[in-house]
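Peer 1: Below you'll find the structure I mean.
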Amino acid sequence: MICPKCNNRLATIRYAEVVDGVVTERYLCPDCLARMQQDSAAGFELSSAAPAAGRPSAADVAEDAVRTQRACPGCGVLLSQVLETGKVGCARCYETFASEIDDRLESLHHALHHKGKALRVDDAKSRLMADLQTKRGLLRSVLRAEKYEDAARLRDEIKHLESALYSAGTGRE
21 MICPKCNNRL ATIRYAEVVD GVVTERYLCP DCLARMQQDS AAGFELSSAA
71 PAAGRPSAAD VAEDAVRTQR ACPGCGVLLS QVLETGKVGC ARCYETFASE
121 IDDRLESLHH ALHHKGKALR VDDAKSRLMA DLQTKRGLLR SVLRAEKYED
171 AARLRDEIKH LESALYSAGT GRE
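Count the sequence shown with the numbering used here and you get residues 21 to 193, in order.
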């Protein structure tokens with residue numbers, strides 16, 4: 021839609037105009053909106069709008085500033101220093117700034133618990149061995165639950181995996 025004021029640019033801003041209790045939707049380009057806001061004689065005034073998505077409100081900024089000035093009672097290091105440097109002053113900092121540290125770690129690592137490292141070997145032998153260990157563990161749990169049909173199926177799968185490992189020359193005899 022073209023801006024009805026200037027008839028040049030694309031109208032990307034929508035606002036509602038209320039005159040004598042009647043609501044009318046209007047569309048403007050950013051330049052025309054800026055001119056209308058500067059022209060005080062026109063009586064054009066925007067009401068306080070909700071904060072834009074993605075931009076924090078003034079209250080959020082003020083709260084964040086106060087929060088980052090919190091200090092650890094053990095060593096006196098500020099939260100802002102911990103967040104900037106990534107280093108805490110003492111063990112009590114972990115308790116004092118727990119939620120902020122957790123938020124930062126989760127945003128960096130996408131998890132709060134270390135899952136360890138795994139070898140990046142992607143060959144048939146390692147996949148067969150991992151599958152064999154999994155099946156053996158399942159077999160033990162199925163036998164404890166006395167599900168003998170499932171146990172027989174798992175036993176056959178384990179024998180098949182063991183024979184595949186043996187035929188490859190990597191299995192145990």
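From the three backbone atoms N, C-alpha and C, an ideal C-beta is built for every residue, glycine too.
May I have the straight-line CA-CA distance separating alanine 126 from alanine 118, to the nearest angstrom?
Peer 2: Residue identity differs from the one stated: residue 126 is glutamate in this sequence, not alanine. Going from the Cα of glutamate 126 to the Cα of alanine 118 covers about 12 angstroms.
Peer 1: Does the count of Cβ pairs from the region 143–160 and the region 101–108 closer than 8 angstroms reach three?
Peer 2: The region 143–160, when compared against the region 101–108, does not touch it at the 8 angstroms Cβ threshold.
Peer 1: Run the CB neighbour count on valine 102, radius 10 Å, all protein chains shown included, and call it buried at 16 or more, exposed below.
Peer 2: With 16 or more Cβ atoms within 10 Å of its Cβ, valine 102 is classed as buried.
Peer 1: Classify valine 97: buried if its beta carbon has 16 or more other beta carbons within 10 angstroms, exposed otherwise.
Peer 2: By the neighbour-count rule (16 or more Cβ atoms within 10 Å), valine 97 is buried.
Peer 1: What does the alpha-carbon distance come out to for the pair alanine 188 and arginine 112?
Peer 2: Cα to Cα, the separation comes out at about 55 angstroms.
Peer 1: Under 7 angstroms, Cβ to Cβ, is there at least one residue of chain C near asparagine 27?
Peer 2: Here there is only one protein chain, and chain C is not present.
Peer 1: Measuring CB to CB, does leucine 163 end up less than 7 angstroms from leucine 181?
Peer 2: No, Cβ-Cβ distance for leucine 163 and leucine 181 is not below 7 angstroms.
Peer 1: Can you tell me whether DSSP reads leucine 163 as helix, strand or coil?
Peer 2: In the structure shown, leucine 163 sits in a helix (DSSP, three-state: H, G or I).
Peer 1: Please state the DSSP three-state secondary structure of alanine 188.
Peer 2: Alanine 188: coil per DSSP, three-state reduction.
Peer 1: In this structure, what does DSSP give as the bridge partners for glutamate 45?
Peer 2: Bridge partners of glutamate 45: Ala36.
Peer 1: For the alpha helix (DSSP H) containing arginine 112, list its first residue and its last residue.
Peer 2: That run of the alpha helix (DSSP H) goes 111–116.
Peer 1: Which of the three DSSP states, helix, strand or coil, is assigned to alanine 91?
Peer 2: Reduced to three states, the DSSP call for alanine 91 is strand.
Peer 1: Could you give the distance in angstroms between the alpha-carbon of tyrosine 35 and the alpha-carbon of arginine 46?
Peer 2: Those two C-alpha atoms are separated by around 5 angstroms.
Peer 1: Between alanine 31 and leucine 48, is the Cβ-Cβ spacing less than 7 angstroms?
Peer 2: Cβ distance < 7 angstroms, so alanine 31 and leucine 48 count as in contact.
Peer 1: Are the beta-carbon atoms belonging to lysine 155 and leucine 185 less than 7 angstroms from one another?
Peer 2: Against a cut-off of 7 angstroms, the Cβ pair of leucine 185 and lysine 155 comes out as no contact.
Peer 1: Which of the three DSSP states is assigned to leucine 181 in this structure?
Peer 2: The answer is helix: DSSP assigns leucine 181 an H, G or I state.
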